[in-house]
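Peer 1:
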Amino acid sequence: MNLKYKILAVLAAGIALTACGSSGAPASTPASSAVPASSHVAEEGVTEPINMLAWTLDDLDREDTVTLIPAEITSGVQDGSLTAKIFSYDLYKKEDVENLAVGDKITSHEEGAAWNQFVTVAVKSIEKNDQYHLVSINGGMEEQDGLDLLLDDDTYRTMTFDDYPVYYEMGEKTLPLAEDVVLKDSSADPQAEAVETTGASAVAAAINEDPDNWTVYNTTLVVQGGKVQEVRRIWVP
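Heads up, the sequence shown is in this note's numbering, so the first residue is 47 and it goes up one at a time.
1. Ignoring anything shorter than 4 residues, give me the alpha helix (DSSP H) runs that lie fully in the segment 77-163, in order along the chain.
2. Identify every residue that forms a DSSP beta bridge with serine 182.
3. Apart from the five residues just before and just after lysine 139, which ones in its own chain have a Cβ nearer than 7 Å to its Cβ?
4. Looking at aspartate 191: is its Cβ nearer than 8 Å to the Cβ of asparagine 184?
5. Okay, do the segment 223-239 and the segment 147-156 touch, 3+ Cβ pairs below 8 Å being the bar?
6. Using DSSP with H/G/I as helix, E/B as strand and the rest coil, what is serine 247?
7. Should serine 182 be labelled buried (16 or more other beta-carbon atoms within 10 Å of its own) or exposed?
8. Rounded to whole angstroms, what's the CA-CA distance from aspartate 150 to glutamate 215? Just pull it up for me.
9. Is glutamate 225 helix, strand or coil by DSSP?
10. Would you list the one or two residues that DSSP bridges to glutamine 270?
11. Would you check if the distance between the CB atom of glycine 272 and the CB atom of leucine 106 is smaller than 8 Å?
12. Report back the beta-carbon spacing between leucine 180 and leucine 196 to the nearest angstrom; my notes put them in contact at under 8 Å.
13. Is the CB-CB distance between valine 268 and valine 123 below 8 Å?
14. Measure from the alpha carbon of glutamate 94 to the alpha carbon of each residue in Glu118, Ile132, Gly126, Glu141, then state which is nearest.
15. For leucine 223, which of Asp104, Glu242, Gln270 has the nearest alpha-carbon?
16. Any idea what DSSP makes of aspartate 209, helix, strand or coil?
17. Roughly how many angstroms separate the alpha carbons of serine 247 and arginine 203, rounded to a whole number?
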């Protein structure tokens, strides 16, 4: 059987373009939504993320899907299972972003928002930096209603300070480790080769030895059939 690979949100390598200062306050009167995915209908004339309301935590239980997800392991591994907060970030079609014009509208999640809570703002200005493949809307992340989008693998993704995506929370889920789970840990330094640990017991011990350092910024889980097949941790500053 051919597996359907569903890459929902993978930690991406950023460019060396770090903004300074603090992010602007959220819009005082944005259009917002909190609706179940089944009832969502895209509004005409609004550019929306291609992955908005496209999946839920239940999809992690699918046998025919391999899912890569940013995650924060919250309580180590207990009885062969880890509990993690699962995150995602907004992705946009390349042509949708490049065709945006002043007067259009765009929808996004604010940092830390729930998966079904998002804002829609009017596009008042657009600045493009072709050298860094960056599009800044309404003055970018430091301005009210501002948004920075970075071209990454033929889609645009949200970008915040230190080039991280703007993560929103899908929820918390407890997932058992697969018997042959593999930990690939390259968090020691920027040039570190990934150290591999194989097997549920060994991986659990490695995670529990360093319980507070598995964050959304450095940790990716590879999940299939409701089980963790891989844990990947990278170096972050």
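All C-beta atoms, glycine included, are put in the ideal place defined by N, C-alpha and C.
Peer 2: Let me lay it out:
1. 140-144
2. Glu173, Asp194
3. Ile96, Thr201
4. yes
5. no
6. In the structure shown, serine 247 sits in a helix (DSSP, three-state: H, G or I).
7. buried
8. Cα to Cα, the separation comes out at about 27 Å.
9. Under the three-state reduction of DSSP, glutamate 225 is assigned to strand.
10. Val112, Lys273
11. Yes, these two residues count as a Cβ contact at 8 Å.
12. 6 Å
13. no
14. Glu141
15. Gln270
16. helix
17. 36 Å
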